[in-house]
Each structure stands twice: as structure tokens, then as C-alpha cells.
Amino acid sequence: MNRRMPFRTFSERYTASIPAGKLLEGALPTDVRERIAEAMASHNHATRIQWEPEETWISNSDVMEVTGRLLYDRAGAVALPPHPTSTDSRAQIIQVVRAGNPEHVFDSIELMHQNLNSDRREAFAQNLNFLFEKNGQPWRLFRGEVVKLNEDMVGATNVPTVFEMLAAGPFAGAAAEFAEALARFAADDAKGTIVEACKSLESTMKVLTGLEHENAANLVKALLEAGYLDDLPESVRLGFGSTVLMSLPFLRNKLGGHGQGGTVVEVPSAYGHLALQLGAAMNNFLISKYLERNAGDDPPDEEI
1 MNRRMPFRTF SERYTASIPA GKLLEGALPT DVRERIAEAM ASHNHATRIQ WEPEETWISN
61 SDVMEVTGRL LYDRAGAVAL PPHPTSTDSR AQIIQVVRAG NPEHVFDSIE LMHQNLNSDR
121 REAFAQNLNF LFEKNGQPWR LFRGEVVKLN EDMVGATNVP TVFEMLAAGP FAGAAAEFAE
181 ALARFAADDA KGTIVEACKS LESTMKVLTG LEHENAANLV KALLEAGYLD DLPESVRLGF
241 GSTVLMSLPF LRNKLGGHGQ GGTVVEVPSA YGHLALQLGA AMNNFLISKY LERNAGDDPP
301 DEEI
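Just so we're aligned: the sequence shown equals residues 1 to 304 in the working numbering.
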């Protein structure tokens, strides 16, 4: 294994939001930290690593030790609270989880996930997400990044559900865009939230219709023509498409940056909330339609 640093960690993605305190308020009580440390230790495995690019020497190590070194590289000594002298290579990162700032705990989770063998990452993420859910924590490890669900929203159960439904196969692109919408919301960027939530919805519609370069209105029209709404009375279908399925594109066009003319619209966070909920609900609905039509098919081999 070579040292890899190609992505931004949690603390790097949220440098503007963390100091304000809202993002991490009440995050990670002591008992949850202990469970995280146990989960990380249970998924740790031996590895070999080239510590310096210019060296040819390969060292025997383990993923948690590598995580500690990478965390130091990314965040500096401030991320590493003092820990008792120990021959246990896991000790440093365990102490980060037990006593470090929440953002550095999340950095550690992401760095460990990235450096696990590829066939072990899914189990690690599932373990942590079960732990978070069981302990009422609004965090999920999704596609290698820790994201915060917004459980103050009405109907917030849609948000975890859409993660599960989007995560694999042809909907991976829509999943990444929905995760970005959550990240934008956590950073108090309501416009960005609306734009990314709409992009996720449009990506889902592109999978259902097989169209790659159409706008939202044409994608909705194609859904109708493909018969996805044939279980509605014919007199209702057109209105459902233009009113319900176009509600999020309407927000994007009017509040997300399009169609504003010379006036810059300041968007209250409530409309970012709304965009996430609309995106989650409509993605769930459309993927359910896709699964109804493709029941029994083998999973796709490639991501779209």
C-alpha cells in the first residue's frame, strides 16, 4: 500500500462550518466513541506501506497505524491527543476516537475506510452506520465520507432510505449528488443544496429513461411516455408530472441560480430543507418504480 491522500477529509470539507459550532453540536457522546473505537479495531488488518514516496523500503504495518500517520499529515499534531506509551500500533488512533475533537474522529473514520482492503470497506461502513443508527446519531459513512442527516426535518426517515436505495448500481451518480446536497446543507449553503438535490433527481430520471442530455422537463415527459405513471388515471398523469415531479426543478430554476435575472435571491435555509426532502421522497418513488419494472433482473455490472 502506498500512502494515498487524494480526497478532502471531513475537517477539510467543513473548515467554514466547524468553528461556528452548529455542525458538531452534541456530536459523539462517550459511549458512542467507545463503540466506534471497538468497530475500528475489529476491522483493522495488516498491511504493507511505503511511508515515503522516494523510499523503496516497504514496512509491515496495519490500517489503524497508517490512519494515525495520515491524520497527522492532514491535520497536524492538534488532531492527536496525548496517549499512553504503548507497543499497540492501534493506540494512537483509539485515543483520537476517545478524546479527540469530533471532526478528527470523522477524519479517522474516512482515512481508515480509504485504506482498508477494498473487499472490507462495505462491511466497515455497514458496521458504523448500524452503530450510528442504533445510538440515535445523525451521521452516516456514505461512499467513504461522513455526512450528517437532517433529522429535524419532517419525514426525515426518507433521507436514510434514499441513501440505501441510491448507493449501488446505476444510481451511484445520483447517490454522490445527493451526498453533496447534504454536505452543502451542512455548510449552510441553501442554494447549493437545492442545485445538488435537483441534480440527483435528474440523474435518477436519466437512469429510468435512458436519456443522458435532457433537461428536467424533457425527462419527466420521457417518464410519462415510457409508462412509469400508467398506474395513474390518464387524466392525472400529465398534471402529476408537471406539478409534482417538476417541483424540485422549479426550486432549482427560481432559487438555485437559474431564472433570477439581475436579482440575486438570498435563499433561507428552510428551502434547503425542503429540497432535501423533495429529493429524497422523489428519488425513493422513482427507484421504487424502476425496481417494479426490473424485478428479478440481475444487478448491473457497471455504474452509470
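Even for Gly, the Cβ is constructed at its ideal location relative to N, Cα and C.
Here the structure is a predicted model, which means the values were calculated and not measured.
- Put simply, the backbone Cα of G100 is about 7 Å away from that of A79.
- Pairwise C-beta distances place the segment 195–204 in contact with the segment 271–291, as three or more of them are shorter than 8 Å.
- Here T9 has R74, D107, E110 and L111 as same chain residues with Cβ atoms under 7 Å from its own Cβ, once five neighbours each way along the sequence are excluded.
- The segment 34–109 is shown to contain whole alpha helix (DSSP H) runs of 4 or more residues at 63–75 and 91–99, in chain order.
- Per DSSP, reduced to three states, the secondary structure at L141 is strand.
- Nearest to G144 by C-alpha distance, out of K254, Y271, Q126 and A20, is Q126.
- Residue burial annotation: F132 is buried, with at least 16 other C-beta atoms found within 10 angstroms of its C-beta.
- Taken through DSSP and simplified to helix, strand or coil, K254 comes out as helix.
- Selection S242, V96, S118 and L255 evaluated against G192 yields L255 as nearest (Cα-Cα).
- Residue environment: L24 is assigned as buried (16 or more neighbouring CB atoms within 10 Å of its CB, all protein chains considered).
- In the DSSP assignment, the residues bridged to V146 are L141.
- By the C-beta density criterion, G21 is exposed, having fewer than 16 other C-beta atoms within 10 angstroms.
- Comparing alpha-carbon positions, the option among H45, A175 and A77 lying closest to D62 turns out to be H45.
- The beta carbon of M246 sits closer than 8 Å to those of A216, A217 and V220, all from its chain and outside the five residues before and after it, given in chain order.
- The beta-carbon separation of A187 and S200, rounded to 17 Å, does not stay under the 8 Å limit for a contact.
- Counting C-beta atoms within 10 angstroms of its own C-beta, K206 has 16 or more neighbours from the protein chains shown and is therefore classed as buried.
- Contact annotation, G272 with A190: C-beta distance approximately 4 Å; criterion of less than 8 Å satisfied.
- Separation of D31 and L274 (C-alpha to C-alpha, rounded to the nearest whole angstrom) is 33 Å.
- Beta-carbon to beta-carbon, R13 and A183 are separated by about 6 Å, close enough to satisfy the 8 Å threshold.
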